[in-house]
Amino acid sequence: MRKLPPRQRLSGTFRVPGDKSISHRALMFSAVAQGQSRLRGVSQGADVRSTRRVLEAAGILFRDEGEEIVVDGRGWNGLDQAGDQALVECDCGNSGTSARLLMGLLAARRGRFRLHGDASLSRRPMKRVTGLLSQMGARFEGGDCLPLIVQGSALSSVTLSTAVASAQVKSALILAALQATGTSEIEEPAASRDHTERMLVAMGAPLQSTGLRTVRVEGGGAALLPLDLDVPGDPSSAAFAIALACLLPGSHVTVEDVSLNPRRIGFYRLLSRMGARLEFERAGQSPEPIGSITAHGSLLHGIDVAAADVVDAIDELPLLATVAAAASGPSTIRGASELRHKESDRIATTAAMLRAFGASIDELPDGFAIAGGTRFVPAAVDAHGDHRIAMSAAVAAALARGPSSLTGGEWVSISYPGFFDDLERLSSQP
Ligand code: S3P
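Using our numbering, the first residue of the sequence shown is number -6, and each one after it goes up by one.
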């Protein structure tokens, strides 16, 4: 059990671990590139380590050289050797991104791959990926949930629209389509994060975004160029200290070198709509826009968040609900039923956590209704095996009048192992 202290004020400059979404992709895509990739700033979180572990099990070699990970890519069929021998065990841990993207990556490889994960991941829906990949000829053994066996097979192109706006589903389809015969067209109901497209285009892959919501992919397994990449910091990790700085009067905090990809900073746009004083400074682009975000103590008011706002802020909605509970006036968050399929049922776990701190919050089928103006009381809460619930609880506890406690604080290591240390440091600066 971890003690969560109240906080007066945050100040200082900080950096966060490499972006989790970009790190997964950098490891996977460099694994099948032709030649040596050099990656800096890859997340050390447990989820990204799961991706590395699976790729290693499938025969890929990664070398740590100081700050860099060096990857000796041998093309798409660099993944075939291990599969030739036997069933390859692929332990995806807690990581939905690992499991779902790997399904697309492995679907056309030679071999049998058994994907499995922890209790949380084993409850999450996989048909959304396997169902669509099957239309390309991919073969899976199992049901909607892990464990599942991917039996590599020859794939053909598809033209399809996905039912959910999910970068994991889209990315799995793109990875399979690159290895299929013919040209595929993938459309989503709303534009999800585009890290896969940006990185693959930088690697010379024959794909094109033909609109905000559609991507066209040439099959044929063309060789990918190796990567020389600095992974920007993760805006989803930075969001906790930034939000807390907005909530604590007199705070001034800057996070440097984070991804400013528009598909990833929806939370910050919503925070601004609530009255937060935020400044963004662009510092470069390679292939992701990167820069710093500064936050000042602000007076926040409630907000109505609709479906159109949800995709770009999906991972930060437990935190947004926490901020809304503290802000003046009511808030609603709608169109977010996807939260029920994350590491925990985040509608239920966020509401339970915030109620323990004294908030008045109702669960809706697809979101929350939050009264606002909460006087936070100390609480003993559980992370429910969910890193983002653990970090949101630390923010709620910081607003309480006395110390709180958290069971399962270690789950922060999924995405942000140094979270509690960074928060401590920002709280103790003059
Ligand atoms: C991710 C996509 C999102 C997000 C997850 C990471 C990715 O999931 O919630 O944390 O890296 O592609 P969905 O694709 O299920 O929306």
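Glycine included, each C-beta is placed from N, C-alpha and C at the ideal position.
Report the option in the options whose CA atom is closest to the CA atom of residue i.
i     : options                : result
S115  : F7, R31, S337, V246    : S337
K424  : S408, I407, E403, Y261 : Here the chain has residues from -6 to 423 only, and residue 424 is not among them.
L141  : Y409, S150, L108       : L108
L72   : T90, R93, G104         : G104
A198  : L168, A147, A131       : L168
V374  : F350, R368, I363       : F350
Q144  : L126, V151, Q201       : L126
L399  : M384, G5, R93, L200    : M384
A317  : G295, S330, L332       : G295
M(-6) : I258, R33, A387, L200  : A387
S23   : W69, R0, G5            : W69
L80   : L94, A389, G52, E58    : G52
V64   : A344, G89, S91, R33    : R33
S36   : P410, T152, V298       : P410
V251  : R368, M267, S229, A288 : S229
T155  : S149, A183, L148       : A183
F133  : M96, V151, V157        : M96
L54   : R45, E60, E61          : R45
L153  : A170, M192, A147       : A170
R256  : A160, A195, G243, I286 : A160
I62   : S164, G11, S265        : G11
L392  : A75, A238, E190, I382  : A238
G175  : A195, F106, K163, L148 : L148
Going straight from the alpha carbon of residue i to that of residue j, what length do you get?
i     : j    : result
L205  : A301 : 14 Å
P424  : D221 : Summary: the structure shown does not reach residue 424, with the chain confined to residues -6 through 423, and so no result is reported for it.
H380  : I407 : 6 Å
R339  : M346 : 10 Å
Q29   : R102 : 21 Å
L110  : G395 : Sequence check: residue 110 is Gly here, not Leu. Approximately 37 Å, taken between the alpha carbons.
S291  : L240 : 6 Å
H500  : G328 : Since the displayed the chain opens at -6 and closes at 423, residue 500 lies outside it and no answer follows.
A320  : V248 : 23 Å
F7    : T342 : 28 Å
A26   : M129 : 23 Å
G135  : G277 : 44 Å
A269  : D355 : 24 Å
L99   : S91  : 11 Å
Q172  : A131 : 11 Å
A138  : G89  : It is Cys, not Ala, that sits at residue 138 in the sequence shown. Roughly 11 Å between the two C-alpha positions.
V304  : E211 : 27 Å
R0    : S185 : 35 Å
S397  : L218 : 50 Å
H188  : E274 : 20 Å
V9    : F369 : 27 Å
R56   : L200 : 29 Å
M21   : G59  : 20 Å
L419  : L94  : 35 Å
A215  : L3   : 49 Å
G259  : M267 : 13 Å
L166  : I179 : 8 Å
P(-2) : Q422 : 15 Å
I363  : S353 : 6 Å
S150  : G213 : 10 Å
E331  : L263 : 18 Å
K163  : F106 : 21 Å
Quick one: is the Cβ of residue i within less than 7 Å of any heavy atom of the ligand S3P?
i    : result
S159 : yes
V81  : no
V162 : yes
S385 : no
D308 : yes
S185 : yes
S430 : The structure shown does not extend to residue 430, since the chain is modelled only from -6 through 423, so no value can be given for it.
H17  : yes
S324 : no
T123 : no
T90  : yes
E331 : yes
S14  : yes
**Study point:** At least 3 beta-carbon pairs within less than 8 Å: the stretch 272 to 290 vs the stretch 303 to 312
**Key:** As far as the Cβ criterion goes, the stretch 272 to 290 does not touch the stretch 303 to 312, which means the pair count is below three.
**Study point:** Whole alpha helix (DSSP H) elements within the stretch 50 to 109, 4-residue minimum
**Key:** Qualifying alpha helix (DSSP H) stretches, in chain order: 73 to 78, 89 to 99.
Practice item. Return the chain-ordered ranges of every beta strand (DSSP E) run that is complete within the stretch 368 to 396 and spans a minimum of 3 residues. Key: Qualifying beta strand (DSSP E) stretches, in chain order: 373 to 375.
Practice item. Answer yes if the stretch 71 to 85 comes into contact with the stretch 117 to 135, meaning at least three C-beta pairs across the two stretches below 8 Å, and no otherwise. Key: Judged by Cβ distances under 8 Å, the stretch 117 to 135 makes no contact with the stretch 71 to 85, as fewer than three pairs qualify.
Point to revise | At least 3 beta-carbon pairs within less than 8 Å: the stretch 38 to 50 vs the stretch 7 to 16 | key: Proximity of the stretch 38 to 50 to the stretch 7 to 16 meets the contact definition, three or more beta-carbon pairs being nearer than 8 Å.
Check your understanding: At a cut of 8 Å, does the stretch 212 to 231 reach the stretch 313 to 333 through at least three beta carbon pairs?
Key -> With a cut-off of 8 Å, the stretch 313 to 333 and the stretch 212 to 231 do not count as touching, because too few Cβ pairs lie within range.
Review point. Does the stretch 361 to 377 come close enough to the stretch 410 to 422 to have 3 or more Cβ pairs within less than 8 Å?
Key: Verdict: no, contact absent.
Review point. Of all the alpha helix (DSSP H) runs that stay within the bounds of the stretch 13 to 45, which reach a length of 4 or more residues?
Key: The stretch 13 to 45 contains these whole alpha helix (DSSP H) runs: 13 to 24.
Point to revise | Start-end ranges of the alpha helix (DSSP H) lying completely within the stretch 112 to 150, minimum 4 residues | key: Positions of the alpha helix (DSSP H) runs, each at least 4 residues long and wholly inside the stretch 112 to 150, are given as 120 to 127 in order along the chain.
Review point. Given 8 Å as the limit, is there contact between the stretch 228 to 237 and the stretch 206 to 219, that is, 3 or more CB pairs closer than that?
Key: No, the stretch 228 to 237 is not in contact with the stretch 206 to 219.
Point to revise | Within the stretch 248 to 276, ranges of the beta strand (DSSP E) (whole runs, at least 3 residues) | key: None, since the stretch 248 to 276 contains no complete beta strand (DSSP E) of that length.
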